[in-house]
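S.K.: Pasting a structure here, questions to come.
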Amino acid sequence: MTADARDDSFELYDLRVEVVAPAGGAIYCGAKPGDHFDLRGEMLHLPPGQGFSIYSLSSVLPLLAAKQRPTHDHDWMTTDCEIACPDPNCSTRLRITRTGLRRFSHAQTTAVPLKRD
6 MTADARDDSF ELYDLRVEVV APAGGAIYCG AKPGDHFDLR GEMLHLPPGQ GFSIYSLSSV
66 LPLLAAKQRP THDHDWMTTD CEIACPDPNC STRLRITRTG LRRFSHAQTT AVPLKRD
């Protein structure tokens with residue numbers, strides 16, 4: 006077996022999700038511009054003392070796994086990075102930014118074995 010055949014690694018992007026809002030825009034989700042969380046692998050990290058609305062989180066959560074993976078330059082998942090707050094009266098958006106690349110091992114992330122030819 007060659008070294009490449011034994012390599013079970015894959016890469017995911019680290020993400021930052023940050024609250025952005027127009028100057029003077031109404032904010033009803035309890036956020037402040039600049040509030041954020043970081044996603045590293047499957048772990049969500051908030052700065053000490055900062056919260057994040059579960060309703061705002063619900064608007065970005067379905068997109069995060071896809072944003073972590075490499076995508077084609079022309080794919081909308083690559084280019085579109087701002088998600089509207091789910092409250093139609095709230096002016097905030099949640100900006101998803103790829104901040105780095107992290108390597109993982111298949112064997113350390115699942116009990117399902119790789120199929121080897």
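Heads up: the sequence shown is residues 6 to 122, going by the numbering used here.
No residue lacks a Cβ here, since even glycine has one placed at the ideal position from N, Cα and C.
Note that the structure is predicted; figures quoted are calculated from it, not measured.
#1: Nearest-angstrom Cα distance between Ser58 and Gly105?
#2: Going by C-alpha to C-alpha distance, which of Ser110, Met82 and Asp43 sits closest to Leu68?
#3: CB-CB under 6 Å to Tyr60, same chain, minus the five flanking residues each way: which ones, in chain order?
#4: Is it buried or exposed for Arg98, if we count other Cβ within 10 angstroms and need 16 for buried?
#5: Figure out for me which residue from Thr114, Val117 and Ser110 has the closest Cα to the Cα of Arg11.
#6: By DSSP, does His41 sit in helix, in strand, or in coil?
#7: Quick test of your reading: Asp43 and His50, contact by CB under 8 Å. State the CB separation rounded to the nearest angstrom.
#8: Is it buried or exposed for Gln73, if we count other Cβ within 10 angstroms and need 16 for buried?
#9: If you reduce the DSSP assignment to three classes, tell me which class Leu68 lands in.
#10: When you compare the CB positions of Arg108 and Glu47, do they come within less than 7 Å of one another, or not?
#11: With H, G and I counted as helix, E and B as strand and the rest as coil, what does DSSP make of Ser61?
#12: Could you please give the first and the last residue of the uninterrupted alpha helix (DSSP H) stretch that includes Thr104?
M.R.: Taking the structure as given:
#1: As a working mapping, residue 58 is identified with position 53 in the sequence shown. As a working mapping, residue 105 is identified with position 100 in the sequence shown. Each residue's alpha carbon lies about 25 Å from the other.
#2: By one-based count along the sequence shown, residue 68 stands at place 63. Per the Cα distances, Met82.
#3: Residue numbering aside, residue 60 sits at position 55 when the sequence shown is read from its first letter. Same-chain partners within the cutoff: Pro91.
#4: The sequence position of residue 98 within the sequence shown is 93, counting from 1. Arg98 is buried by the Cβ-count criterion.
#5: As a working mapping, residue 11 is identified with position 6 in the sequence shown. Closest option to Arg11, judged by alpha-carbon separation, among Thr114, Val117 and Ser110: Ser110.
#6: Numbered from 1 along the sequence shown, position 36 holds the residue referred to as residue 41. Residue state for His41 is assigned as strand, using DSSP reduced to three classes.
#7: In the sequence shown, the residue the question calls residue 43 occupies position 38. In the sequence shown, the residue the question calls residue 50 occupies position 45. Between His50 and Asp43 the Cβ distance is about 5 Å, and since that is below 8 Å, they are a contact.
#8: Your numbering for residue 73 matches position 68 in the sequence shown. Buried, since its Cβ has 16 or more Cβ neighbours within 10 Å.
#9: Counting from 1 along the sequence shown, the entry for residue 68 is found at position 63. For Leu68, the secondary structure class from DSSP, reduced to helix, strand or coil, is helix.
#10: Mapped onto the sequence shown, residue 108 falls at position 103. Mapped onto the sequence shown, residue 47 falls at position 42. No, they are not a contact pair.
#11: By one-based count along the sequence shown, residue 61 stands at place 56. Correct three-state label for Ser61: helix.
#12: What you label residue 104 is simply residue 99 of the sequence shown in a count that begins at 1. Segment Arg98 to Ser110 is the beta strand (DSSP E) holding Thr104; no alpha helix (DSSP H) there.
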